[in-house]
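To keep things clear, I will list the structure first and then write my remarks on it.
Residue numbers (my numbering), protein chains in the order written: chain A, 36 to 516; chain B, 603 to 685.
Below, the structure is given as structure tokens:
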């Protein structure tokens, strides 16, 4: 073949590639119930408590690129090594984990653990944590074939990233594979570009899109969760007409009726309906989950608050005896430079701050909310218990009680928990998908150190390892007793 | 959070907004706002469901919802169906 012919063939191939390049579409769902392994938290049976519910553990892994992924991995390692010896069996605290919410970098660790469990500790380090993902993405974008594909309006950098994660990190695993693994239920978060609403990769959310999450690649969900604005383009999903038999959940309908009384519940319901396609075609474009919630706690709090939430159901049914939430927060606070310059910040600084400032203020509010919810429940339980002790003393009939007094525990580990001067070094780490191996190793070790030095976590371990029955406690009081 | 107790002569599953939650005659917690409450089978209770507005309750003063047992002759085949 002559040089000219080769060039012609290349141009032709490129033209075909440009014409054909399209991101993979999420699949429509024919009818409600037609999906065999829908990715939802297992349904609760009121009169048949699941022993797995007794100690209910949820983890949240924040965003922050490889820094967050390594920090979350370190937390998993530490939980794996804590023996709680329940019912005479060898069980680690990690075995008790029921749900993991993951954002951006943390989404990779959450999803990988959901798929691989114990094998995570032999493969994730090499397959993700110490790779220079950013370089691989850049090289992939420079590949001539991919350059041609990127010229298509229906294929962008995030689609290349999703392909890389799908093939080399998650090995083409779909949500159907994740569903078969059972607990922990992994909730990967993204943010809807249209209205800033949080988006969760669960079948409950995909129901509103008329779509089957089962066939969706986990790697593509992780890409959506980490599609940092300006650096990467959004992941797009098609919203199909509702599947046959789909009924808007009563929890959503009820929420729409009382906006003034509970605006956050109303907004949540409104945002679910906004996902649905009407007569016209509709697309949902997803950006980094950290834009709506950078620590991933909100989906856990929704499961606690909402009447259709899997935690709320199990608390009211009395199935949960101990509720443990551990937030692994890789938030940084790099030295501030903008305030030291007289000139107005440039466009790049404004873009970056616009994308990250709201992340931080939302994170602090979310942690406050979690702590308030926890103390609210503890207070209500104490009120009933103390009143009934006094009523019993004078022979009066007691007040009705909850089905089960639960012991609650909220632990947050973050670099802020480190003493200075070591803290500043970690707080200055960049958000990137390429960190030196030495830094990755130190982040992994740091998660264990911070857990071990947390007074609340220490109290929790004393209770779990000393109590005769789940939730009985060992005589201590307060958070995590 | 708001607090609710569903009163019924028997112990029965309670369903709130379409999903199972605990049982009758215990205190349960829900978000403020509107909720639809009913019971699980058998369908020997009335009314079929109740829409409630939860606001300003307390654990020691929960919102009370009453269901009554229907006599056998008045039990529908399924909730809300004609006899």
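We put the CB at the ideal spot given by N, CA and C, even for glycine.
Item	Value
What's the C-alpha gap between residue 381 of chain A and residue 370 of chain A?	18 angstroms
Identify every residue that forms a DSSP beta bridge with residue 271 of chain A.	A:320
Counting along the chain, where does the alpha helix (DSSP H) carrying residue 100 of chain A start and finish?	100-115
Could you tell me whether the region 178-193 of chain A touches the region 296-307 of chain A, using the rule of 3 or more Cβ pairs below 8 angstroms?	no
Count the other CB atoms within 10 Å of the CB of residue 676 of chain B; is the residue buried (16 or more) or exposed (fewer)?	exposed
The region 293-309 of chain A: which residues have C-beta closer than 7 angstroms to a C-beta of chain B, in chain order?	293, 296, 297, 300
With DSSP collapsed to three states, give me the class of residue 636 of chain B.	strand
Residues of the region 628-652 of chain B with a CB closer than 9 angstroms to any CB of chain A: list them in chain order, please.	628, 629, 630, 631, 632, 633, 634, 635, 636, 637, 638, 642
Throw me the rounded Cβ distance for the residue 329 of chain A and residue 138 of chain A pair, which I believe falls under 8 angstroms.	6 angstroms
Should residue 88 of chain A be flagged as near chain B, meaning a C-beta pair shorter than 8 angstroms?	no
Suppose the cutoff is 8 angstroms on Cβ atoms and the five residues either side in sequence are ignored; what does the same chain contact list for residue 213 of chain A look like?	74, 146, 149, 150, 221, 253
Between the alpha carbons of residue 230 of chain A and residue 613 of chain B, how many angstroms are there, rounded?	44 angstroms
Cβ of residue 286 of chain A less than 8 angstroms from any chain D Cβ?	As a matter of chain content, chain D is missing from the structure shown, whose protein chains are A and B.
Reducing DSSP to helix, strand and coil, say where residue 653 of chain B ends up.	strand
Distance, Cα to Cα, residue 510 of chain A vs residue 503 of chain A?	12 angstroms
Tell me which same chain residues have a C-beta within less than 6 angstroms of the C-beta of residue 269 of chain A, skipping the five on either side of it?	228, 262, 320, 321, 322
Write down the C-beta distance between residue 697 of chain B and residue 342 of chain A rounded to the nearest angstrom, noting that I regard them as a contact closer than 8 angstroms.	Residue 697 of chain B is absent from the model: chain B starts at 603 and stops at 685.
Could you work out which residue in A:468, A:419, A:314 is closest to residue 274 of chain A when comparing CA atoms only?	A:314
Of all the residues that make up the region 610-621 of chain B, which are near chain A by a beta-carbon distance shorter than 7 angstroms?	615, 618, 619, 620, 621
Does DSSP put residue 538 of chain A in a helix, a strand or coil?	Summary: the structure shown does not reach residue 538 of chain A, with chain A confined to residues 36 through 516, and so no result is reported for it.
Mind listing which residues of the region 347-369 of chain A have their C-beta closer than 8 angstroms to chain B's C-betas, in chain order?	347, 348, 350, 351, 352, 353
Taking the alpha-carbon of residue 447 of chain A as reference, which of A:155, A:487, A:80, A:168 has the nearest alpha-carbon?	A:487
Can you tell me the Cβ-Cβ gap for residue 491 of chain A and residue 514 of chain A, rounded? I've got them flagged as a contact below 8 angstroms.	5 angstroms
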